[in-house]
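Numbering (our numbering), first residue to last: 2 to 415.
Written out below as structure tokens is the structure these notes cover.
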Amino acid sequence: MRITDSFRTAVGGISVHRLRSVLTILGVVIGITSIMTIMSVGEGAEGLVIGEIEKFGPTNIFVLPGKQPKGPADGATTLLNDSLKEKDFEDLQKKSNVPGAARVIPFTFGVMPATYESEIYDVTLIGSTEYIENIFDLSVSEGRFFDSFDVSERGSVAIIGDTIRDELFGKEDPIGQKVRIKNKKLTVIGVLKPEGQGSFVDFNKTILSPYTSVQQDILGIKYFQRFIVEAVSVEEIPNVVSDIETTLRQNHNIDDPDKDDFFTQTQEGLTDQIKTITGILTVLLSSVAAVSLVVGGVGIMNIMLVSVTERTREIGLRKSLGATNGDILAQFLFEALILTGSGGIVGVALGVGLSAGLAYIARVFAGLEFPFVFSVDGFLLGLFVSFAIGLVFGIFPARKASKKSPIEALRYDN
Numbered sequence: 002m003r004i005t006d007s008f009r010t011a012v013g014g015i016s017v018h019r020l021r022s023v024l025t026i027l028g029v030v031i032g033i034t035s036i037m038t039i040m041s042v043g044e045g046a047e048g049l050v051i052g053e054i055e056k057f058g059p060t061n062i063f064v065l066p067g068k069q070p071k072g073p074a075d076g077a078t079t080l081l082n083d084s085l086k087e088k089d090f091e092d093l094q095k096k097s098n099v100p101g102a103a104r105v106i107p108f109t110f111g112v113m114p115a116t117y118e119s120e121i122y123d124v125t126l127i128g129s130t131e132y133i134e135n136i137f138d139l140s141v142s143e144g145r146f147f148d149s150f151d152v153s154e155r156g157s158v159a160i161i162g163d164t165i166r167d168e169l170f171g172k173e174d175p176i177g178q179k180v181r182i183k184n185k186k187l188t189v190i191g192v193l194k195p196e197g198q199g200s201f202v203d204f205n206k207t208i209l210s211p212y213t214s215v216q217q218d219i220l221g222i223k224y225f226q227r228f229i230v231e232a233v234s235v236e237e238i239p240n241v242v243s244d245i246e247t248t249l250r251q252n253h254n255i256d257d258p259d260k261d262d263f264f265t266q267t268q269e270g271l272t273d274q275i276k277t278i279t280g281i282l283t284v285l286l287s288s289v290a291a292v293s294l295v296v297g298g299v300g301i302m303n304i305m306l307v308s309v310t311e312r313t314r315e316i317g318l319r320k321s322l323g324a325t326n327g328d329i330l331a332q333f334l335f336e337a338l339i340l341t342g343s344g345g346i347v348g349v350a351l352g353v354g355l356s357a358g359l360a361y362i363a364r365v366f367a368g369l370e371f372p373f374v375f376s377v378d379g380f381l382l383g384l385f386v387s388f389a390i391g392l393v394f395g396i397f398p399a400r401k402a403s404k405k406s407p408i409e410a411l412r413y414d415n
């Protein structure tokens, strides 16, 4: 019998029990949908975060306090570490220490309520220098940005995000008004232009102020939570990193690099870390989703065995008319492959639709510039796995059907 005849016979066998066939492939559909969605959303999230990192520019080097995190749970410890001091900031700015640095930008930050008259709104307060405007590519829609004079004179001034303006001031002009954070009053001198929410900071809900005013007067700390060191060129980055490490080790009396109480990150290093993390998470989540594929495969094998039993007389009749063991094997194997292949195609389509829907929801309701990514790897993997499931779990029922004796099969009574 030709392959096309076996395929046609298999389609006919499946169509007899359409509802049962649809229910049989649900496990495969769910598994493939999950894998496709996870891989598409994972690639989209990776692109979003890497895009945010790239906004900082390729010449920026991040200096963070504490040991370099080795897992997600370690990330919060850097916020509580006080190893980056004022002297570190001063020494990193000296050309004799870090000749390849164009500028050094300090950061202090915290989340706390801001008050204006009877209105209260939780904000992210960031203290830095005037260079934060360039680092994050910010601009004001009203007023002005604070400058080096405000920083040196510990100016009690604030640049507020667009959402904060609406929440605290409504239709009132905020310029010149004072907002209270803890016991400190800050005069609003500027309003940021509305920004799309990035993966790191939502500047619409942020207040920016000179670090000299924020650090001790509001946060009550004498350390920094971040430095960003801008190298004069990409080629200078390795030298700048080395100079930063040498300077900070001297300041902190560290002889053994393994005992560093700080660490540096470059754009390239951050990008590699993000790709590694998203890759691991994608594999782990896809592995969980694969469990439903195994369950679906067992279900298909079970239904195929039932089908073989129900069609015993049909098998005997076909064999008596000249069908070989190979023909019967091909027919039932095709049935399994058609079932899982159809489930794979439906699963891929649903996965694409679901991932596109999630990206749309993230853009519209969360304000994230979340891209929809059609995962080619997910598409190919989904189809491959679905057919592989059909082959693995269909071969046993197909062999059982092909081994039936035609005489005994004709005598079989349902």
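Even glycine gets a Cβ: it sits at the ideal position worked out from N, Cα and C.
| Bridge-paired residues (DSSP) for residue 132 | Here the question's residue 132 lines up with position 131 in the sequence shown. In DSSP, residue 132 forms no bridge with anything.
| message | Using only the alpha-carbon positions, how far apart do residue 231 and residue 251 sit? | response | Here residue 231 refers to the residue found at position 230 of the sequence shown. Here residue 251 refers to the residue found at position 250 of the sequence shown. Looking at the two C-alpha atoms, the distance is approximately 21 Å.
| Could you give the distance in angstroms between the alpha-carbon of residue 362 and the alpha-carbon of residue 29? | Position 361 of the sequence shown, counted from the first residue, corresponds to residue 362. Position 28 of the sequence shown, counted from the first residue, corresponds to residue 29. If I take the Cα positions, the gap works out to 26 Å.
| request: Count the CB pairs spanning the region 241-248 and the region 92-100 that are closer than 8 Å, and state whether there are at least three. | output: yes
| said: The beta strand (DSSP E) that contains residue 143, what's its start and end? | reply: Taking the first residue of the sequence shown as 1, we reach residue 143 at position 142. Its beta strand (DSSP E) spans residues 141-144.
| message | Using a Cβ-Cβ cutoff of less than 8 Å, which residues in the same chain neighbour residue 364 once the five nearest sequence positions on both sides are dropped? | response | Numbered from its first residue, the sequence shown carries residue 364 at position 363. Contacts found: 370, 371.
| said: Between the alpha carbons of residue 98 and residue 183, how many angstroms are there, rounded? | reply: One-based indexing of the sequence shown puts residue 98 at position 97. One-based indexing of the sequence shown puts residue 183 at position 182. The alpha-carbon atoms of residue 98 and residue 183 are separated by roughly 37 Å.
| request: Give a yes or no on whether the C-beta atoms belonging to residue 383 and residue 31 are separated by under 9 Å. | output: The count along the sequence shown starts at 1 and reaches residue 383 at position 382. The count along the sequence shown starts at 1 and reaches residue 31 at position 30. No, Cβ-Cβ distance for residue 383 and residue 31 is not below 9 Å.
| Do residue 85 and residue 64 have their CB atoms nearer than 9 Å? | In the sequence shown, the residue the question calls residue 85 occupies position 84. In the sequence shown, the residue the question calls residue 64 occupies position 63. Contact flag set, yes.
| task | State the CB to CB distance for the pair residue 41 and residue 379, rounded to an integer number of angstroms; the pair is presumed to be in contact (CB under 8 Å). | result | As a first step, residue 41 is located in the sequence shown; it is residue number 40 there, counting from the start. As a first step, residue 379 is located in the sequence shown; it is residue number 378 there, counting from the start. Rounded, the Cβ-Cβ distance is 6 Å, consistent with contact.
| query | Is the CB-CB distance between residue 204 and residue 193 below 9 Å? | reply | Looking up residue 204 in the sequence shown gives position 203. Looking up residue 193 in the sequence shown gives position 192. The answer is yes: Cβ separation under 9 Å.
| said: Less than 9 Å between the beta carbons of residue 329 and residue 403, yes or no? | reply: Counted from its first residue, the sequence shown places residue 329 at position 328. Counted from its first residue, the sequence shown places residue 403 at position 402. Yes. Within cutoff.
| task | Going by CA-CA distance only, name the one from 320, 122, 22 that's closest to residue 166. | result | Sequence index remark: in the sequence shown, residue 166 carries index 165 (1-based). Closest option to residue 166, Cα to Cα, is 122.
| task | Round the Cβ separation of residue 62 and residue 238 to the nearest angstrom and send it over; I've been treating them as touching at under 8 Å. | result | For the purposes of this step, residue 62 is taken as residue 61 along the sequence shown, with counting starting at 1. For the purposes of this step, residue 238 is taken as residue 237 along the sequence shown, with counting starting at 1. About 6 Å separates the two Cβ atoms, so the contact holds.
| said: Assuming residue 356 is part of the alpha helix (DSSP H), what are its boundary residues? | reply: For this step, residue 356 is matched to residue 355 along the sequence shown. 326-366 is the span of the alpha helix (DSSP H), which, as asked, contains residue 356.
| field | N- and C-terminal bounds of the alpha helix (DSSP H) containing residue 243 | value | Against the sequence shown, residue 243 aligns to sequence position 242. Run containing residue 243: 238-252, per the alpha helix (DSSP H) assignment.
| Complete runs of the alpha helix (DSSP H) confined to the region 183-216 [at least 4 residues] | 212-215
| What does DSSP give as the partner residues of residue 286 in its beta bridges? | For the purposes of this step, residue 286 is taken as residue 285 along the sequence shown, with counting starting at 1. Residue 286 is not bridged to any residue.
| query | Using a Cβ-Cβ cut-off of 8 Å (strictly less than) and excluding sequence neighbours within five positions of residue 202, which residues of its own chain qualify? | reply | The residue labelled residue 202 in the question sits at position 201 within the sequence shown. Result list for residue 202: 125, 127, 137, in chain order.
| message | Let's see if you can read the secondary structure: which residues bound the beta strand (DSSP E) around residue 114? | response | Residue mapping note: residue 114 aligns to position 113 of the sequence shown, counting from 1. Where residue 114 is concerned, the enclosing beta strand (DSSP E) stretches over 102-117.
| field | residue 164 and residue 96 closer than 9 Å at C-beta | value | On the sequence shown, residue 164 is found 163 positions in, with the first residue counted as 1. On the sequence shown, residue 96 is found 95 positions in, with the first residue counted as 1. Contact flag unset, no.
| request: Please check the pair residue 210 and residue 290, which I expect to be a contact at CB under 8 Å, by giving their CB distance rounded to whole angstroms. | output: Working through the sequence shown from its first residue, we reach residue 210 at position 209. Working through the sequence shown from its first residue, we reach residue 290 at position 289. Wrong, their Cβ atoms sit about 46 Å apart, outside the cutoff.
| Rounded C-alpha distance that separates residue 332 from residue 69 | Reading the sequence shown from its first residue, position 331 is the one you call residue 332. Reading the sequence shown from its first residue, position 68 is the one you call residue 69. Looking at the two C-alpha atoms, the distance is approximately 59 Å.
| request: Within its chain, find whatever has a CB closer than 7 Å to the CB of residue 215; leave out the 5 residues flanking it on each side and keep chain order. | output: By one-based count along the sequence shown, residue 215 stands at place 214. So the list reads 109, 126, 128, once near-sequence residues are dropped.
| Bridge partners - residue 158, DSSP secondary structure assignment | Against the sequence shown, residue 158 aligns to sequence position 157. Answer is 188, bridged to residue 158.
| message | Can you give me the C-alpha to C-alpha distance between residue 324 and residue 396, rounded to a whole angstrom? | response | For the purposes of this step, residue 324 is identified with residue 323 of the sequence shown, where counting begins at 1. For the purposes of this step, residue 396 is identified with residue 395 of the sequence shown, where counting begins at 1. Answer to the nearest angstrom: the Cα atoms are 18 Å apart.
| Residue interval of the alpha helix (DSSP H) (run including residue 25) | Sequence index remark: in the sequence shown, residue 25 carries index 24 (1-based). 19-25 is the extent of the alpha helix (DSSP H) around residue 25.
| request: Using a threshold of 9 Å, state whether the C-beta atoms of residue 101 and residue 244 are closer than that. | output: Within the sequence shown, the letter at position 100 stands for residue 101. Within the sequence shown, the letter at position 243 stands for residue 244. Their beta carbons are under 9 Å apart, which means residue 101 touches residue 244 by this criterion.
| Tell me the DSSP bridge mates of residue 46? | Your numbering for residue 46 matches position 45 in the sequence shown. Residue 46 is not bridged to any residue.
| CA-CA distance, residue 169 and residue 120? | Position 168 of the sequence shown, counted from the first residue, corresponds to residue 169. Position 119 of the sequence shown, counted from the first residue, corresponds to residue 120. Distance between the alpha carbons of residue 169 and residue 120 is about 6 Å.
| If you drop the 5 nearest sequence neighbours on each side, which residues of the same chain put their C-beta closer than 8 Å to that of residue 185? | On the sequence shown, residue 185 is found 184 positions in, with the first residue counted as 1. The answer, listed in chain order, is 157, 214, 218, 219.
| message | Does residue 161 pass the burial test, meaning 16 or more other C-beta atoms within 10 Å, or should it be called exposed? | response | In the sequence shown, counting from the first residue as 1, residue 161 sits at position 160. It is buried - the Cβ of residue 161 has at least 16 other Cβ atoms within 10 Å.
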